[in-house]
Amino acid sequence: MLEAVRNHIALDIPTDLIKQINAAAKGEDESKKTFDAPQKKTDVPQETGSVDKIQEQNEAPADSADERIRVKATLIDKLTNFAGELSISRAHMEQQQGEFKKNLVEMEQTVVRLREQFRLLEIENDAQIRSHFDDNDKEFDPLELDCFSIIQQLSRSLTESVDDLVNIQDYLKTLTRQSDSLLVQQSRIGAELQDGIMRTRMIPFAKISPRLQRIVRGEVREQKKPVKFIINGENIEFERTVLERVVTPLEHMLRNAIGHGIEDAKTRQKSGKSSVANITIDISREGAELIIKLSDDGAGLNLPAIRQKAEERGLIQANTVVNDHELKQLILKPGFTTAKKLTQSQGRGVGMDIVNTDIKKLSGNLQIQSKTGEGTTFEIRLPLSLTITQALLVHIGEETMAVPINYLDAVMRTPRSEVLGEANEVRYYKYMDQKYRVFHLGELLGFGQVASVDSPLIPTLLVHVADRRVALLVDAIEGSKEIVVKPVGPQIEAIRWIAGATILGDGRVVLVLNMPIIVREESTLQSISSQRDAIVQAEKPVVKTVMVVDDSITVRKVTASLLKRQGMEVITAKDGLDAVAKLRENIPDLILLDVDMPRMDGYELGTLVRNNPDWKDLPIIMITTRMGEKHQKKAEKIGINCYLGKPYKENVLLENINALLENKKC
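Structure representation (structure tokens):
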């Protein structure tokens with residue numbers, strides 16, 4: 001054999017040896033079978049030339065489709081992290097591009113205003129030039145005089161400068177379109193790269209099937225209970241880290257199924273069942289979730305024994321009414337067991353609590369279904385990926401949270417009257433013939449009483465996790481983004497409703513919510529109403545919101561910076577129509593308003609605000625260069641609270657703002 005290897009001569013495949021190894025893996029007795037050592041092929045020519053031909057054939061490149069390489073799992077993890085960082089960088093670039101586009105729009109509006117101002121300036125100059133001369137003075141045309149020629153030349157130079165600005169603006173627009181195209185291309189390539197790396201992390205469930213089969217064989221021998229074990233859908237792929245971490249919970253559940261759930265052969269025959277029990281694992285995919293169902297046809301959970309054990313341990317009172325669902329959840333308590341004797345796999349009080357903890361660490365959820373005499377089913381729901389997902393960014397007070405969109409049925413704005421009730425009133429919202437129990441997300445997370453939403457329409461998330469549906473109220477919705485989920489540090493990883501964290505394009509760190517934990521924990525949802533009045537929280541200073549409406553980007557930025565230094569929230573609008581759109585989403589505590597604006601000026605906006613029942617009481621300060629008595633009287637007639645000139649003095653503006661916010665006069 002060594003000689004054949006040295007001469008690059010092909011050997012026969014040791015089929016007998018392979019059969020014996022496979023038989024040993026299946027638990028069959030193949031020890032008496034023998035296998036022959038591989039022999040040389042008798043028809044292989046021994047001439048040197050033939051050996052050279054064989055060597056050339058062996059050195060010929062294999063089909064590239066069949067090539068395989070070994071790569072360390074840590075390297076794949078690093079590449080996944082780099083792909084995630086690339087996604088974050090792309091999001092940052094897209095955000096910067098968006099800001100650049102906004103400034104281009106501002107520049108375009110500024111150029112339009114500049115053109116109009118130059119046109120008016122030329123008309124005014126021409127009128128003033130002609131007014132300085134009598135009609136009888138015909139010796140020189142006014143424009144032939146040096147002073148007026150200089151004015152005309154300066155005006156033309158400024159007009160040319162405006163035209164240059166327009167050309168620069170057009171060039172910047174072209175660059176922006178090209179940048180958009182490059183970003184789209186980079187996004188496509190990045191998505192393909194990310195998808196390719198993620199596929200390298202995916203392995204079929206069949207990889208752990210032999211391990212689970214060994215567990216079942218071992219338990220069957222120990223318990224002396226005949227069991228038929230079937231795995232359906234084992235070709236469905238899991239992320240490697242998910243599959244590695246879910247195998248231990250599955251082993252625990254298989255041991256429990258054989259040790260606790262399956263009856264012995266005689267008992268099964270008396271019950272009219274087959275002496276051979278059935279344990280089945282069904283793997284399926286539903287949306288962005290992977291579902292593993294482990295079922296047995298045993299006796300089911302012994303609910304009376306569970307209740308008795310719970311009473312002995314003081315988990316429930318003797319006279320307390322507890323439904324079957326709550327009793328089933330007790331087996332997930334640490335140290336809980338109904339086993340009467342101590343064995344290697346039973347009676348130690350560890351198992352299902354560890355299973356539940358491990359599944360929650362994977363951002364998954366465990367549900368239990370059982371019927372007495374028919375069997376038990378454990379359903380595990382896991383996210384398809386633990387690293388990259390689409391999420392909806394929502395605001396709860398001053399906090400921003402990420403909600404994975406695979407749990408959302410719909411996102412909408414609901415009327416206050418349909419979702420808000422009394423403090424302890426249980427409310428339901430109906431959508432598509434389904435009822436959703438209403439909660440405020442801030443209260444579910446234990447934030448206490450959150451800031452009320454003043455808008456008549458409240459942002460609402462309709463969340464569906466398995467058999468539970470809830471409508472979660474939030475303060476604002478920022479939008480949907482692809483996020484890279486990162487693990488959190490040990491300081492906050494014990495908080496169960498946190499699935500991880502992500503970094504947004506603008507550098508903000510946002511927590512990713514574990515929706516199954518938030519929605520499906522019965523105790524959490526049922527205790528909200530009773531806890532609502534018991535929450536004690538230090539009062540936070542009320543942050544006032546001011547809307548700045550001005551067509552000048554410089555005025556908006558300077559004023560916003562001044563107000564933010566005073567601890568105020570600022571909403572900016574570039575004209576009256578923009579302000580109306582933003583008023584429908586967020587109602588401020590005060591409005592700072594310019595007069596001369598395109599599309600809708602300050603007088604029109606002020607009139608609209610005063611005629612709207614939701615906005616009519618908003619204090620308004622008008623800041624303008626038009627300080628004539630006629631303009632001030634018109635503002636007073638509309639109902640403007642305070643009238644200031646430009647440029648304003650910061651201390652005067654702040655004094656008037658504070659006075660109006662305190663319901664005082666300017």
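Residue 1 is where the sequence shown starts when you use full-length UniProt numbering, and the numbers rise one by one after that.
Idealized CB from N, CA, C, for every residue including glycine.
Since the structure is predicted, the reported quantities are computational estimates derived from the model, not experimental observations.
For residue i, is the classification buried or exposed, using 16 other Cβ atoms within 10 angstroms of its Cβ as the cut-off for buried?
i: L212; result: buried
i: V519; result: buried
i: Y171; result: exposed
i: E325; result: Before going further, note that residue 325 is His rather than Glu in the sequence given. Exposed, by the Cβ-count rule.
i: R565; result: exposed
i: L473; result: buried
i: V555; result: buried
i: L461; result: buried
i: V609; result: buried
i: D296; result: buried
From residue i to residue j, what distance separates their C-alpha atoms?
i: Q526; j: V322; result: Low local confidence applies: a pLDDT of 47 at Q526 is under 50, so the model's placement there is unreliable, with the coordinate-based value given in what follows. Going by the C-alpha atoms only, they are around 14 Å apart.
i: I368; j: L327; result: 10 Å
i: G364; j: A391; result: 17 Å
i: D164; j: E94; result: 28 Å
i: P204; j: I69; result: 18 Å
i: E655; j: L386; result: 52 Å
i: A635; j: Q109; result: 25 Å
i: A659; j: C642; result: 11 Å
i: G272; j: H260; result: 19 Å
i: G196; j: F82; result: 13 Å
i: K646; j: G489; result: 51 Å
i: T248; j: R255; result: 11 Å
i: K665; j: L644; result: 14 Å
i: I359; j: R221; result: 28 Å
i: E493; j: I517; result: 14 Å
i: Y431; j: S181; result: 39 Å
i: I76; j: L243; result: 15 Å
i: R307; j: I316; result: 8 Å
i: I215; j: A299; result: 21 Å
i: V246; j: G375; result: 22 Å
i: R313; j: K333; result: 11 Å
i: K371; j: I331; result: 15 Å
i: I553; j: D126; result: 31 Å
i: V463; j: E398; result: 22 Å
i: V485; j: K637; result: 56 Å
i: L366; j: A191; result: 32 Å
i: L290; j: R381; result: 6 Å
Using only CA atoms, which one of the options lies nearest to residue i?
i: D506; options: S89, V71, N235, E67; result: S89
i: R468; options: S181, G500, Y428; result: Y428
i: K207; options: M198, I189, E239, R217; result: E239
i: F378; options: D594, L104, I279; result: I279
i: E263; options: M253, H252, E251, V276; result: V276
i: L661; options: L583, V546, R177; result: V546
i: D475; options: F439, D596, M432; result: F439
i: A471; options: E478, A410, I623, I168; result: A410
i: E219; options: G628, V548, I258, E192; result: I258
i: A499; options: V403, E289, N663, R214; result: V403
i: T572; options: H92, T80, I483, E106; result: E106
i: D551; options: K544, L562, G576, L653; result: G576
i: L605; options: R626, V549, E629; result: V549
i: Q491; options: I168, V485, K544, A501; result: A501
i: I458; options: D282, H395, I503; result: H395
i: R268; options: K225, A579, K633; result: K225
i: M515; options: L408, L504, E482; result: L408
i: R119; options: T159, I495, K309, G84; result: T159
i: E237; options: R199, L104, T74, V570; result: R199
Helix, strand or coil, according to DSSP, for residue i in the structure here?
i: E374; result: coil
i: K646; result: coil
i: E662; result: coil
i: V438; result: strand
i: I620; result: strand
i: K225; result: coil
i: L511; result: strand
i: F238; result: strand
i: V426; result: coil
i: K333; result: coil
i: T320; result: coil
i: N256; result: helix
Please check if any C-beta of chain B sits within less than 8 Å of the C-beta of residue i.
i: Q317; result: Included in the structure is just one protein chain, with no chain B present.
### Task
Specify whether the segment 83–103 and the segment 226–233 touch according to this definition: at least 3 beta carbon pairs, one from each stretch, less than 8 Å apart.
no
### Message
Quick check: the segment 613–624 against the segment 574–592, are at least 3 beta-carbon pairs closer than 8 Å?
### Response
yes
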